[in-house]
Amino acid sequence: MSGVRVPEPVEDIELDLLVEAIWRRYQYDFRDYSRASLHRRLERAQGHFGCTSFSELQHRVLRDPASLNALLGFLTIQVSDLFRDPEYFRMIREQVVPHLRTWPSIKVWIAGCANGEEFYSLAILFREEGLAERTLFYCTDINTAALQKAEAGIFEIDRLPGFSRNYREAGGRGSLSDYYTAAFGAARFDPTLRKRAVFADHNLASDAVFSEVQLVSSRNVLIYFDRPLQDRALGLFAQSLTQGGFLGLGSKETIHFSRHAELFSDFAPGEKIYRRNTLPAREPALAE
């Protein structure tokens with residue numbers, strides 16, 4: 000029968016109500032995250048909490064604020080490696096760093112730094128290229144527990160062979176073991192790598208730009224956003240980058256097809272590195 004509206008599945012309604020409740024109660028905004036990705040993560044969280052529905056999970060989170068951090072562990076992806084996708088870091092070293100040298104001081108924004116693997120990769124790279132003392136790193140994430148782990152700089156020792164292989168393939172100039180101390184099944188990275196790093200809670204869905212930077216590295220974050228939120232995040236990156244600054248994305252992400260695409264030029268498209276164009280006479284609105 001034409002014109003009859005098919006009822007929305009109850010589970011979809013419950014999911015919408017849950018993410019709206021998280022936003023209204025705690026100001027963590029997942030409303031424009033990919034629905035398929037949210038559904039998968041919340042199903043895992045539902046099992047962890049012993050809930051039989053998203054509605055029950057909503058009740059648990061609203062009534063028990065302490066459970067929020069555990070839920071955020073499911074809603075934000077914290078899986079990475081040091082020098083993940085080594086060619087990306089080799090390109091940063093060989094092609095981007097020569098341009099960065101031209102600035103008297105450098106600011107780098109690592110948006111979605113998770114447990115810190117990308118930060119330590121860049122901090123080691125910048126030290127080897129002689130830029131560490133004039134570089135300030137802003138490491139941001141929505142997950143405060145992940146930020147605490149990133150700041151601690153401690154990783155499982157069984158991950159080191161993969162880290163070391165990536166480091167060599169990324170053009171490392173020494174041995175990765177120069178940068179950590181291993182004991183009791185864990186590796187603690189040199190605390191001096193964090194000397195010029197700021198770890199801060201920042202939400203790409205709701206927060207504003209906080210500094211002008213020469214490099215934004217935000218890899219494998221946008222793939223979990225719907226198009227409107229991707230555009231918002233890319234707008235923040237464009238707004239934060241100085242003219243001639245660089246944006247690095249994940250291997251499955253692109254600036255193309257965004258409403259901000261005209262603000263960037265391809266620099267190393269194979270490694271998803273883009274360069275911020277000179278500002279037009281009248282800058283369009285970037286992030287809403």
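Using numbering that gives the first Met the number 0, you'd call the opening residue of the sequence shown number 0 and step up by one each time.
Idealized CB from N, CA, C, for every residue including glycine.
Let's test the definition: count the other Cβ atoms within 10 Å of the Cβ of residue i and tell me whether it reaches 16, buried, or not, exposed.
i      : result
Pro227 : exposed
Arg193 : buried
Arg40  : buried
Leu262 : buried
Phe183 : exposed
His38  : exposed
Ala280 : At Ala280 the pLDDT is 41, less than 50, meaning the model places this residue with poor confidence; the figure from the coordinates comes in the next sentence. Flag for Ala280 reads exposed.
Leu16  : exposed
His255 : exposed
Glu211 : exposed
Val18  : buried
Arg275 : buried
Gly234 : buried
Ser205 : exposed
Gln57  : buried
Ala237 : buried
Gly46  : exposed
Met0   : Any reading at Met0 needs caution, since the residue's pLDDT is 49, under 50, leaving its predicted position unreliable; the model's value is listed next. Exposed is the call here.
Val107 : buried
Gly152 : buried
Thr139 : buried
Gly161 : exposed
Ala199 : exposed
Would you call the CB atoms of residue i and residue j closer than 8 Å?
i      : j      : result
Asp302 : Ser264 : Outside the displayed range of the chain (0 to 287) lies residue 302, so it cannot be described from this structure.
Gly244 : Leu214 : yes
Ala20  : Gly72  : no
Tyr223 : Tyr27  : no
Ala149 : Phe188 : no
Ala196 : Phe154 : no
Ile141 : Asn68  : no
Phe88  : Ala169 : yes
Leu240 : Ala232 : no
Arg133 : Ser104 : yes
Gly111 : Ser36  : no
Arg59  : Cys50  : yes
Glu93  : Ser52  : no
Ser79  : Glu116 : yes
Ala267 : Met90  : yes
Leu99  : Leu146 : no
Phe29  : Leu74  : yes
Let's see if you can read the secondary structure: which residues bound the beta strand (DSSP E) around residue i?
i      : result
Asp177 : Premise fails: Asp177 is in no beta strand (DSSP E) and is neither H nor E.
Val95  : Where Val95 is concerned, there is no enclosing beta strand (DSSP E), given that its DSSP letter is neither H nor E.
Val197 : 196-200
Ala110 : 105-110
Arg274 : 272-275
Arg187 : 185-188
Leaving out five residues before and five after residue i in sequence, what residues of the same chain have Cβ atoms less than 8 Å from its Cβ?
i      : result
Glu7   : none
Asp230 : Ser257, Arg258, His259
Ser163 : Ser174, Leu175, Ser176
Ser66  : Phe48, Arg59, Val60
Looking at the unbroken alpha helix (DSSP H) that takes in residue i, where does it start and where does it end?
i      : result
Asp11  : 9-25
Ala113 : First-last for Ala113: undefined, no H or E at that position.
Tyr32  : Here Tyr32 belongs to no alpha helix (DSSP H), and DSSP marks it neither H nor E.
Val5   : Run containing Val5: none; DSSP gives neither H nor E here.
Pro64  : It is not in any alpha helix (DSSP H) - Pro64 carries neither H nor E in the DSSP assignment.
Phe88  : 85-90
Between which residues of its own chain and residue i is the CB-CB distance below 6 Å, once the five residues before and five after are set aside?
i      : result
Ala122 : Leu192
Gly269 : none
Glu128 : Val96
Ala181 : Ile156
Tyr166 : Phe82, Leu175
Trp102 : Gln213
Return the chain-ordered list of same chain residues with a C-beta closer than 7 Å to the C-beta of residue i, the five sequence neighbours on each side being excluded.
i      : result
Leu61  : Ala20, Arg24
Glu86  : Glu270
Ser120 : Leu81, Phe82, Phe88
Leu124 : Phe88, Ile91, Arg92
Kindly say whether residue i, judged by its beta-carbon, lies nearer than 8 Å to any beta-carbon of chain B.
i      : result
Tyr179 : Of the protein chains in this structure there is only one, and it is not chain B.
Runs of 3 residues minimum, wholly inside the segment 122-162: which ones carry the beta strand (DSSP E) assignment?
With a minimum length of 3 residues, the continuous beta strand (DSSP E) runs that stay inside the segment 122-162 are 134-140, 153-155.
Fully enclosed by the segment 203-270, which beta strand (DSSP E) runs are 3 residues long or longer?
Counting only runs of 3+ residues, the beta strand (DSSP E) found wholly inside the segment 203-270 occupies 212-217, 240-248, 263-267, in chain order.
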